[in-house]
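Quick note: the sequence shown uses the working numbering, first residue 10, plus one each step.
All residues carry an ideal CB built from backbone N, CA and C; glycine is no exception.
All values reported here derive from a predicted model rather than from experimental measurement.
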Amino acid sequence: MPGQSLDARLARAMVPDYFSVQMHLLHACNLTCAHCYDIDHPSLAMPSTDDVKRRIDQIFLLGKRLGVVPDVHLSGGEPTLRRDLVAIVSHILQTHGGDALLFTNGTRLSRALAQELWNVGLRFVQVSLEGPEAQNDAIRGDGSFAKAIRTLDMLAELGFRLTVSITVTARNFPVLFPFVAELDARKLHFHVREVFAVGGGSDLQAITRTQRRELAEWAIGWQGESTISIEDPVHCSVSPAYAHTQAGCVAGRNHFCVDVDGSIFPAGRWVTASVTSTPSKRCGLARR
Ligand SMILES: C[S@@+](CC[C@H](N)C(=O)[O-])C[C@H]1O[C@@H](n2cnc3c(N)ncnc32)[C@H](O)[C@@H]1O
10 MPGQSLDARL ARAMVPDYFS VQMHLLHACN LTCAHCYDID HPSLAMPSTD DVKRRIDQIF
70 LLGKRLGVVP DVHLSGGEPT LRRDLVAIVS HILQTHGGDA LLFTNGTRLS RALAQELWNV
130 GLRFVQVSLE GPEAQNDAIR GDGSFAKAIR TLDMLAELGF RLTVSITVTA RNFPVLFPFV
190 AELDARKLHF HVREVFAVGG GSDLQAITRT QRRELAEWAI GWQGESTISI EDPVHCSVSP
250 AYAHTQAGCV AGRNHFCVDV DGSIFPAGRW VTASVTSTPS KRCGLARR
């Protein structure tokens with residue numbers, strides 16, 4: 010109710026036992042991926058370090074009032090373009106004692122920066138790839154596959170827990186299963202999302218209903234060294250691998266998204282189906 014204090018409103022709210030927040034730190038990127046939903050917002054100014062820290066403070070204030078330590082997912086644009094990235098990550102991890110997941114295209118993350126991020130406590134990084142080299146580079150640009158794989162190797166050496174994010178379209182669907190099988194021994198987490206018809210994504214063909222079923226069956230039956238999640242509420246409801254997760258989509262329940270200008274959405278455009286909770290009400294990243 011308007012006019013009521015936050016505490017009064019929270020007392021009446023359905024309190025989640027975990028939540029994650031996706032923060033967009035900037036819209037700028039060094040790549041121009043064919044499918045990118047973000048091409049519509051290049052003009053939004055990058056928030057200052059203080060603005061980002063204030064937003065983080067508010068997220069953790071909400072978490073405190075709910076009795077939950079939130080996970081903060083840092084996205085963009087390309088977060089590694091921000092010179093204050095270490096300070097932002099440190100504010101989440103050191104100042105607030107939360108967990109953070111860094112999203113990156115893996116093409117410009119130096120070992121020195123990765124080490125600094127490790128030193129302030131970052132443990133979870135998600136690198137985007139769209140399939141084997143030819144398919145990836147056709148979408149993400151020439152040379153991006155080789156750089157991202159080198160980054161994955163370097164991050165693995167430093168000890169980071171790694172997710173590979175794959176956006177699936179009719180074009181890369183045929184290579185998806187063999188691609189994951191090829192990287193399986195690296196013990197990664199693969200997060201597969203379907204392309205959203207937004208920005209560049211609106212020019213690409215989505216997978217068919219039959220392919221969607223194949224995808225869900227593959228993910229449910231998966232028994233490799235790595236783990237898999239797909240952005241499908243049915244998958245996260247029925248897969249034994251996610252028996253500990255909520256049933257269904259986290260949008261507006263366990264997740265929200267803060268855009269570059271501070272606007273809040275009930276869901277990111279790619280809500281993860283792999284968020285987990287623990288009895289201590291710590292969020293998903295600590296579990297992986
Ligand atoms: C926008 S990027 C930002 C972080 C970083 N620059 C990267 O490449 O991972 C975050 C994720 O959204 C995915 N993405 C971009 N456009 C999309 C779309 N139209 N539909 C679904 N996912 C999309 C990207 O492939 C990437 O995995």
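Contact test: residue i Cβ vs ligand 1 heavy atom, cutoff 7 Å
i           : result
residue 204 : yes
residue 184 : no
residue 130 : no
residue 47  : yes
residue 181 : no
residue 145 : no
residue 114 : yes
residue 44  : yes
residue 137 : yes
residue 174 : yes
residue 84  : yes
residue 259 : no
residue 30  : no
residue 269 : no
residue 38  : yes
residue 247 : no
residue 208 : yes
residue 191 : no
Reduced DSSP category for residue i - H, G, I as helix; E, B as strand; rest coil
i           : result
residue 13  : coil
residue 203 : strand
residue 100 : helix
residue 153 : helix
residue 69  : helix
residue 48  : helix
residue 298 : An answer regarding residue 298 cannot be provided, because it is not within the stretch 10 to 297 covered by the chain.
residue 91  : coil
residue 214 : coil
residue 109 : strand
residue 270 : coil
residue 4   : Residue 4 falls outside the range modelled here, since the chain spans only 10 to 297, and no answer is possible.
residue 188 : helix
residue 77  : coil
residue 281 : In this prediction, residue 281 has a pLDDT of 30, which is less than 50 and means its spatial position is unreliable; nothing more can be read from the coordinates.
residue 64  : helix
Separation of residue j from residue i, as counted between CA atoms
i           : j           : result
residue 36  : residue 97  : 16 Å
residue 62  : residue 220 : 42 Å
residue 154 : residue 91  : 22 Å
residue 30  : residue 143 : 33 Å
residue 291 : residue 79  : Only weak support exists for where residue 291 lies, its pLDDT of 45 falling under 50; the value from the coordinates is given anyway. Their Cα atoms are separated by approximately 7 Å.
residue 27  : residue 34  : 22 Å
residue 269 : residue 135 : 19 Å
residue 217 : residue 224 : 10 Å
residue 120 : residue 128 : 12 Å
residue 229 : residue 106 : 34 Å
residue 81  : residue 262 : 15 Å
residue 196 : residue 103 : 28 Å
residue 204 : residue 181 : 11 Å
residue 150 : residue 265 : 30 Å
residue 47  : residue 210 : 9 Å
residue 132 : residue 168 : 8 Å
residue 124 : residue 166 : 11 Å
residue 244 : residue 148 : 26 Å
residue 93  : residue 192 : 32 Å
residue 74  : residue 65  : 14 Å
residue 71  : residue 60  : 17 Å
residue 260 : residue 275 : 6 Å
residue 281 : residue 139 : The predicted position of residue 281 is uncertain, since its pLDDT is 30 and thus under 50; a value taken from the coordinates is nonetheless stated next. Cα to Cα, the separation comes out at about 17 Å.
residue 206 : residue 212 : 7 Å
Contacts around residue i, its chain only, beta-carbon distance under 8 Å, and the 5 residues preceding and following it disregarded
i           : result
residue 202 : 174, 175, 176, 177, 239, 240 and 279
residue 198 : 170, 171, 172, 173, 235, 236, 237, 238, 283 and 297
residue 84  : 31, 32, 33, 34, 112 and 277
residue 190 : 233
residue 161 : 115, 136, 171, 173, 195 and 197
residue 214 : 178, 179 and 180
Sequence-distant residues of the same chain with beta carbon closer than 6 Å to residue i, five excluded per side
i           : result
residue 17  : none
residue 86  : 35, 36, 37 and 38
residue 55  : 35
residue 200 : 172, 174 and 238
Below-8 Å beta-carbon distance, residue i vs any chain D residue
i           : result
residue 151 : No chain D appears in this structure, which consists of one protein chain only.
Nonlocal neighbours in the same chain, by C-beta distance under 7 Å from residue i, ignoring five residues either side
i           : result
residue 14  : none
residue 141 : 184 and 188
residue 116 : 39, 40, 153, 156 and 157
residue 100 : 62 and 65
residue 118 : 89 and 160
residue 227 : 186
Residue i: CB within 7 Å of a non-hydrogen atom of ligand 2
i          : result
residue 99 : Absent from the structure shown: ligand 2. Ligands present: ligand 1.
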